[in-house]
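Positions 38 to 1003 (our numbering) are the ones given, in order, by the sequence shown. Think of the CB as a built atom: it goes at the ideal place given N, C-alpha and C, for glycine as much as any other residue. Remember, it's a predicted structure, so these values are computed and weren't measured experimentally. As structure tokens, the structure follows; a few thoughts come after it.
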Amino acid sequence: MSFTYPLALVLLLAIPLVIYLGWPRQRFRRVRDSISVALRVVLMALLVLALAGAQVSQSANKLAVIFLVDVSDSLGSDVQDAQLAYVQEAMQRMGPDDLSGVVVFGADPSTERAVNAVRELGALQSQPVTSNTDLAQAIRHSIALFPSDAARRIVVLSDGRPTVGDTEAAVRQAAALGVEISFVAFAREPGPEVQVTDLSVPGSVTAGQPFDLSLTIDAEEATAATVTILDAGTILQRQEVELRQGSNSYTLTLPGSAAGFKDFHVQVEPVDNDSFYQNNQLSTFTQVVGPPRALLVSQSDAEVEHLLPALEEAGVTVDLARPSELPIGLAPLAQYDTVIMANVPATQLSNSRMEALDRYVRDLGGGLVFIGGPNSYAPGGYFRTPLENTLPLDTQIRDQQRLPQLTIAYVIDRSGSMGVPSPNGIANIELAKEAIIRSIDFLQPTDRAGVVSFDTVGYWIAELQPVLDRVGLQRLVASLRASGGTDILAGMRLVANTIVNDPSNRKHIILLTDGGASPANLVELADTLKREQDITTSVIAIGGGSADFLKDMAEAGGGNYHVVDLVETIPSIFTQETVLASRSYIIENPFVPVLTANSPIMDGIRSAPPLLGYVATTPKQTAQVILRGPAPFNDPLLASWQYGLGRAVAFTSDATSRWAANWVTWADFTRFWSQAVRWTITEGTSNNLESRVLLEGEQARLVVDARDDAGNFLNGLDLQASIVDPSLQANQLKLRQVAPGRYEALFDPGSEGAYFLGISGQGTLNGSPRQLRQTTGWVLSYSAEYDVQARGANVNLLNEIAQMTNGRDMRDDTALPFVHNLVARNAFTPLWPWLLLTALLLLPVDIAQRRLIITRSDLRRARLALFGNRGAAVAEGPSERLSSLIGAKERGRQRAEESATATVSALRASRERSRAGRAPGPETIPADPDRPHYEPSHASQTKPESGANVAEELLKNRRKRQQNRP
């Protein structure tokens, strides 16, 4: 016998305590108590044995075989048919007690058939990933499927070429568990195959200079092919080549390109059949270095008429673009070292453009220079936009003291047309709700807001109220639904009747509609509100809603008119209107900037001329504020910070004669802007960091070694990495230190191609802080599964696996898998169900033993109840002892009756003498003079009906006299 949980046997030590507590203390109960104690001891022993998992073992002549079928791409469907034929034939040789199972595997294992006694195998249903071969994982998966009471054998049907996983470790685990691994080698038949085996370019090239690309292509047979070279998806070259059998090397000259990280991709398309298309492509990368290149974005040439020549004079190559021309993806942005935004409103940028610019700075290490103006920061609608995250400044003012109380009423068209999805798939009513919610977030707690919706009538969604419960107010906004017609006047009148009595200093109405309404009385209403109550009205017209009367309405109401073609900008327009209504964000007073921090941007500049205006903002916690505005607010004028891998500079005034009239003629105007732009252009590589990527199965490990200028380890660094895959999706990693000067992080490479790696962090070198940075790349080529040079079965590896587990090659005979030459395993039968059942049966016996007392009379009555009076007729009469007992009982009854009769007669004679007044006779007891006299009760005078009742009456009378005594 053995135990699954032997530690539970410690509970048996409590048995002596049970015996001591239950040992009989009374002599007459000794037998019963001893039996009870014995039952309890047995019950406890049974329960403890069951809890310990008692089991008995016996040798079993059972064999379980699991067939591991490799279905990865390196083999193919023809080989798979041969594999299944072998497995099917082997299953027919199973013994009566044998079991078999099937696991198919590629990059991952899948149980095709659990271990059982079935001898048939149909077509495979499992579909594992076939782009890799992970034999190690398949072995571990199979071990977990074996039953515990059978000898265990794994038969691997594979080419023996695992591409991922630690096969040796898995085999050692199997050997330690007594699992034999045998094999049957299979290999794919040779066929036409073309494979790109090498692609390389110089690690660094000069911008604008041509350079060579080296390419090697292997071909199993001579054939023609088309070679295409791509740069970030753009075709650079395409040419026809003749491939001879064997290795073919080519050198192609590529034209010079702009500075930046470049990845190149080669595709080869053979004319004839090809076994694998996956190995017909390869990628590489290089770093193109050269003069800095900037993209300057503005709404008009007037915004950059002074800035553009200053940058070109400083040697910066500048490309001009309008807001709608700002690249959306990372690839076109990557060709620039920095992007300059000059007074560009968020209402002219889609969210996708702002998100791309944010990722360009954070993930690719690009630069951003953000120049102010009346259409920038909060007045430009940048609150809660992706680009606000990139800036070192928050667009919202935190100081409530400088902001007047503001009331905004949102009048929203909820007609049925607002529920129609826009081109981006989102209904206009949903964008309207998002816009209101963002606008409410921008308001201060002292401000007031209300929401009216209209179809054919107007409804208050939320009446005018202080913005104290933002969440509750926004929840009401979220309940808006589109339906019905369009009557703008109904909604405007509902607001007008209430807002005129509102206590705020400034009041503003924002009307959003997609048109289709009557213009009657709307212009007049807006004009009246403006003239008589100083309540302004702005109109946002979506698409077809841009009717002339809406523009007239906005002009009459003293507000702004917005025609929205890009509906996703509606939230930014609402924020912009909220800011303009407060009239507090644009400061237009002459002032002299105050230098508050040292920065490379201000190198060689000791003072700056006055400015005429700026936009109020709030610096972020980690931003460096270099210049500030006038007291008492001291708003930031120039700020910078490190954002991810990149850098951003924010200037809250402009670069035109509007606010910077004194600057555009300033001698250091060119120096200032060239240094600001160059500060955002980070160095590509730091000599203090060395990085490499190691591919480990399906994961990749980024390893970074950090040393100072003297070669000593740099410890305790805070390093981050940004990895941009071939599809330009970024992944942010935080590296952890694993050894002196070594930092690592794991990531999952998704697709083949060139990966951009950007590593950055802060360190202390030679006693001073320094920004550490490295920009490099890594290429994930196609899987080794498609390597032509590794074709054929690796029998040597399969033999090594078999030798480590005492297995063998079983290709010669399909009966070998079920040969019983393994050590038999013991089969364990658990006893706990029977132990528990016995304990349950004994439990009522124990209870009955302690609670019930059974006499011989109980047994006799039980016998009579079961069998009745059967057998009484054969008895001739009662026994002598029984007859004696009956006679004695009869004599006692007669004496009792005679005594009762004599007592009654005496009482009657005494009563008669008392009535006659005679003295008592000799038999009469004299009366005691000290004893009180009692009159007989009525009951005592009643004549008894029989002698049997006389004694009872006497007893009753005696008890009553005793109760009446004083």
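Boundaries of the beta strand (DSSP E) in which residue i is found, first to last residue
i	result
Gly-804	No beta strand (DSSP E) holds Gly-804; DSSP gives it neither H nor E.
Asn-285	283-291
Asp-249	248-256
Thr-422	Where Thr-422 is concerned, there is no enclosing beta strand (DSSP E), given that its DSSP letter is neither H nor E.
Three-state secondary structure assigned by DSSP to residue i
i	result
Asn-20	This structure does not reach residue 20, given that the chain is present from 38 up to 1003, and the question cannot be answered.
Lys-99	coil
Arg-568	helix
Lys-470	helix
Gly-159	coil
Tyr-414	coil
Val-514	helix
Lys-657	coil
Asn-768	strand
Thr-204	helix
Ala-358	strand
Trp-871	helix
Leu-332	strand
Pro-966	For Pro-966, the pLDDT reaches just 44, beneath the cut-off of 50, and the residue's location in the model is therefore unreliable, although a value from the coordinates is still provided. Three-state DSSP puts Pro-966 in coil, outside helix and strand.
Asn-724	coil
Ser-454	helix
Gly-753	coil
Whether residue i touches residue j by CB criterion (9 Å)
i	j	result
Val-740	Leu-731	yes
Ala-224	Leu-112	yes
Leu-357	Ser-335	yes
Pro-608	Arg-475	yes
Leu-344	Ala-692	yes
Arg-684	Ser-690	no
Gln-712	Gln-808	no
Pro-482	Gln-437	yes
Ile-610	Ala-472	yes
Gly-552	Thr-573	no
Pro-664	Leu-649	Note that residue 664 is Leu in the sequence shown here, rather than Pro. In this structure, Leu-649 does not lie closer than 9 Å to Leu-664 by Cβ.
Leu-517	Ala-469	yes
Ala-634	Val-600	no
Thr-354	Ala-331	yes
Ser-621	Leu-440	yes
Thr-253	Ser-284	yes
Thr-654	Leu-430	yes
Ala-767	Arg-390	no
The alpha helix (DSSP H) enclosing residue i, as first and last residue numbers
i	result
Met-38	No alpha helix (DSSP H) holds Met-38; DSSP gives it neither H nor E.
Trp-710	706-717
Met-639	That residue, Met-639, is in no alpha helix (DSSP H); it is neither H nor E in DSSP.
Ser-179	172-180
Met-128	114-128
Arg-390	388-399
Asn-1020	The chain is shown from 38 up to 1003; residue 1020 falls before or after that span and cannot be answered.
Nearest-angstrom beta carbon gap, residue j and residue i [assumed within contact, 8 Å]
i	j	result
Val-192	Met-847	6 Å
Gln-511	Gly-487	Not a contact, Cβ separation roughly 13 Å.
Thr-612	Gly-409	Going by Cβ atoms, the distance from Thr-612 to Gly-409 rounds to 16 Å, so no, they are not a contact pair.
Gly-15	Gly-795	Nothing about residue 15 can be read from this structure; the chain reaches only from 38 to 1003.
Asn-1012	Ser-619	Residue coverage of the chain in this structure runs from 38 to 1003, which leaves residue 1012 outside it and unanswerable.
Thr-170	Thr-200	5 Å
Ala-379	Val-341	5 Å
Gln-886	Leu-84	Gln-886 to Leu-84, Cβ: 18 Å. No contact.
Gln-442	Asp-484	6 Å
Gln-404	Ile-718	The sequence shown places Gly at residue 404, not Gln. About 5 Å separates the two Cβ atoms, so the contact holds.
Phe-301	Asp-268	6 Å
Ala-144	Val-116	Not quite, the Cβ-Cβ distance comes to about 17 Å (not below 8 Å), so this is no contact.
Ser-686	Val-406	The sequence shown places Val at residue 686, rather than the Ser named in the question. Confirmed, about 5 Å.
beta-carbon residue i near the ligand GTP non-hydrogen atom, thresh 8 Å
i	result
Val-355	Ligands are entirely absent from the displayed structure, and the ligand GTP is therefore not among its contents.
contact_flag[the stretch 621-630, the stretch 444-452] where n(CB pairs < 8 Å) is 3 or more: Between the stretch 621-630 and the stretch 444-452, the count of Cβ pairs shorter than 8 Å is below three; the stretches do not touch.
The stretch 135-147 / the stretch 176-191 touching (three or more Cβ pairs under 8 Å): Between the stretch 135-147 and the stretch 176-191 there are three or more inter-stretch CB-CB distances shorter than 8 Å, so the stretches are counted as touching.
The stretch 209-229 contacting the stretch 853-862, beta-carbon criterion three pairs below 8 Å: The stretch 209-229 vs the stretch 853-862: in contact.
Stretch-stretch touch, CB-based, cutoff 8 Å, three pairs: the stretch 346-354 with the stretch 821-841: Touching, no.
Segment contact, 8 Å Cβ cut-off, at least three pairs: the stretch 451-458 with the stretch 529-545: They do not touch, by the three-pair rule.
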